[in-house]
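Everything below concerns the one structure shown next.
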Amino acid sequence: MTTLLLPVAGGGTRAYTPRAEPPPHAEPPHSAAGSPPLASRTVFSAAHVVADPFADVSPDGPAAVDWDATLAFRRHLWSHGLGVAEAMDTAQRGMGLDWAGAAELIRRSAAEAKATGGRIACGVGTDQLAGPATLPEVRAAYEEQLALVDAAGAQPILMASRALAAAATSPDDYVETYGHLLRQASEPVILHWLGPMFDPALEGYWGAADLDAATETFLEVIRAHPGKVDGIKVSLLDADREIALRRRLPDGVRCYTGDDFHYPELIAGDDHGFSHALLGIFDPLGPLAAAAVRALDTGDAKRFRALLDPTVELSRHLFETPTRYYKTGVVLLAWLAGHQTHFTMVGGLQSARSLPHLARAYELADGLGLFPEPDLAADRMRSLLTVHGVPR
301 MTTLLLPVAG GGTRAYTPRA EPPPHAEPPH SAAGSPPLAS RTVFSAAHVV ADPFADVSPD
361 GPAAVDWDAT LAFRRHLWSH GLGVAEAMDT AQRGMGLDWA GAAELIRRSA AEAKATGGRI
421 ACGVGTDQLA GPATLPEVRA AYEEQLALVD AAGAQPILMA SRALAAAATS PDDYVETYGH
481 LLRQASEPVI LHWLGPMFDP ALEGYWGAAD LDAATETFLE VIRAHPGKVD GIKVSLLDAD
541 REIALRRRLP DGVRCYTGDD FHYPELIAGD DHGFSHALLG IFDPLGPLAA AAVRALDTGD
601 AKRFRALLDP TVELSRHLFE TPTRYYKTGV VLLAWLAGHQ THFTMVGGLQ SARSLPHLAR
661 AYELADGLGL FPEPDLAADR MRSLLTVHGV PR
């Protein structure tokens, strides 16, 4: 039986015996076009990009993407009935993937979605801007990206903008900027409120560091354009605040949880409503998340929680401070699960987490049965440990 020596925080190692059997809970994949749709909740997985490990690039140069492997991973998510949230922060948007790379990713993924029948929504931001920008320049950058996503046939997700956060001097600047964009949108969009734990440059978004005041501005934008807002994605890691916010949304506007700490209870909901989902953690949890929501579709909330509740420890580990580096653990798990042949990330971000952190991510994921081939995952983890000097 395989035994691995896993490094632990504080120094030293301890023996770990991986599971020997494939996961007991995974539903079989379907063709993307033939997947039974998830009925009770709308669920998007934000998806990572797969780097080209053979490209001769530097960490601060343009990203080199393995397009075949990247699109194959999206087909994997679609095959389980999940939607794909494309070119979001999980895809290292603004952390290795520049606008040129994101634009190509949107075009390719949207075409793949059209060909396979998968659902897709794509991030619209302002990351083509270099340096300080004026509010008109911010609006123009948003418009350029909105036009590209619209031309690709995907649903837009209006992402929080570092440039807008730097240029805005009052809540009114947010109201006017988003109002201008929503009036132009050809179909209802998803608004994304990304907290500073994911991106420190977004501190004080919506014109106030006080979250209660920021919430009022956010709601003002939505209430002024309810027909142009499909839903909101809230990534503040504050379940009580999300619940309070979703209860104040206009009829027909969805709340998509982006809370990678409290997603089971937020999706399950209460007597007053529930959240849909747009989550980075559903990248490694795709098949299990789909199985859980299908249980919810049948009214089996108990099985839904039984499947998802045990995953929260892994999610909290991957998203621990500094939260923005969660992508490293996500890509590690994709490699261990066999979705790509290497553990390389654009921008060299595979180095952003410590070896003990990665070892614990492996252990938690293995315990959950996330790896279709546990032996393959163990062999790959051993190779990573060996490269780092851990004895066999």
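301 is the number of the first residue of the sequence shown in the numbering used here; add one for each residue after it.
Just so you know, even glycine gets a beta-carbon here, dropped at the ideal spot from N, CA and C.
Keep in mind it's a predicted model, so treat the numbers as computed, not measured.
- With respect to the 8 Å criterion, residue 611 and residue 588 are classified as neighbours on the basis of their beta carbons.
- For residue 621, the number of other beta carbons within 10 angstroms of its own is below 16, and it is reported as exposed.
- Going by beta carbons, residue 485 and residue 528 fall inside the 8 Å limit.
- DSSP links residue 557 through a beta bridge to 534 and 577.
- Counting along the chain, residue 347 sits inside no beta strand (DSSP E), nor does DSSP assign it H or E at all.
- The beta-bridge partner set that DSSP reports for residue 314 consists of 306.
- Annotated three-state conformation of residue 458 is strand, per DSSP.
- For residue 423, the three-state secondary structure derived from DSSP is strand.
- Less than 8 Å separates the beta-carbon of residue 502 from that of residue 462.
- For residue 688, the CB contacts under 6 Å within the same chain, skipping 5 residues up- and downstream, are 655 in chain order.
- Annotation for residue 385: 344, 346, 421 and 578 place their beta carbon closer than 6 Å to its own, counting only its chain and skipping 5 residues before and after.
- Annotation: the region 327 to 414 contains the following complete segments of the alpha helix (DSSP H) (minimum length 4 residues), in chain order: 367 to 379.
- In the three-state scheme derived from DSSP, where H, G and I count as helix and E and B as strand, residue 492 is classed as strand.
- The beta carbon of residue 637 sits closer than 6 Å to the beta carbons of 671 from its chain, once the five residues preceding and following it are set aside; these are given in chain order.
- The C-alpha of residue 660 is placed about 13 Å away from the C-alpha of residue 310.
- A distance of 8 Å or more separates the beta carbons of residue 575 and residue 613.
- Going by beta carbons, residue 504 and residue 466 fall outside the 8 Å limit.
- Counting only runs of 4+ residues, the alpha helix (DSSP H) found wholly inside the region 601 to 687 occupies 601 to 608, 612 to 618, 626 to 636, 655 to 668 and 674 to 687, in chain order.
- Here residue 678 is near residue 304, since their CB atoms are less than 8 Å apart.
- The region 537 to 553 makes no contact with the region 581 to 598, as fewer than three CB pairs between them are under 8 Å.
- The C-beta distance from residue 410 to residue 429 rounds to 23 Å, too long to fall under 8 Å, and the pair is not in contact.
- Annotation: the continuous alpha helix (DSSP H) that includes residue 596 extends over 586 to 597.
- Across the structure, residue 667 and residue 649 are spaced so that their CA atoms are roughly 25 Å apart.
- Checking the DSSP bridge columns, you'll see residue 529 partnered with 489.
- DSSP places residue 540 in the helix class (H, G or I) of the three-state scheme.
- Exposed is the label assigned to residue 414, since fewer than 16 other Cβ atoms lie within 10 Å of its Cβ.
- In the three-state DSSP reduction, residue 499 falls in the coil class, being neither helix nor strand.
- Of the candidates 632, 525, 364 and 405, 405 places its Cα closest to the Cα of residue 454.
- In the three-state scheme derived from DSSP, where H, G and I count as helix and E and B as strand, residue 570 is classed as strand.
- Annotation for residue 582: 345 and 589 place their beta carbon closer than 6 Å to its own, counting only its chain and skipping 5 residues before and after.
- Nearest to residue 665 by C-alpha distance, out of 623, 635 and 525, is 635.
- Straight through space, the alpha carbons of residue 521 and residue 423 are spaced by roughly 19 Å.
- In chain order, 364 place their CB closer than 8 Å to the CB of residue 355, counting only its own chain and leaving out the 5 sequence neighbours on each side.
- Around the CB of residue 487, fewer than 16 other CB atoms lie within 10 Å, so the residue is classed as exposed.
- Considering only 353, 524, 476 and 563, the residue with the shortest C-alpha distance to residue 538 is 563.
- Ranked by Cα distance from residue 623, the options 500, 481 and 417 are led by 500.
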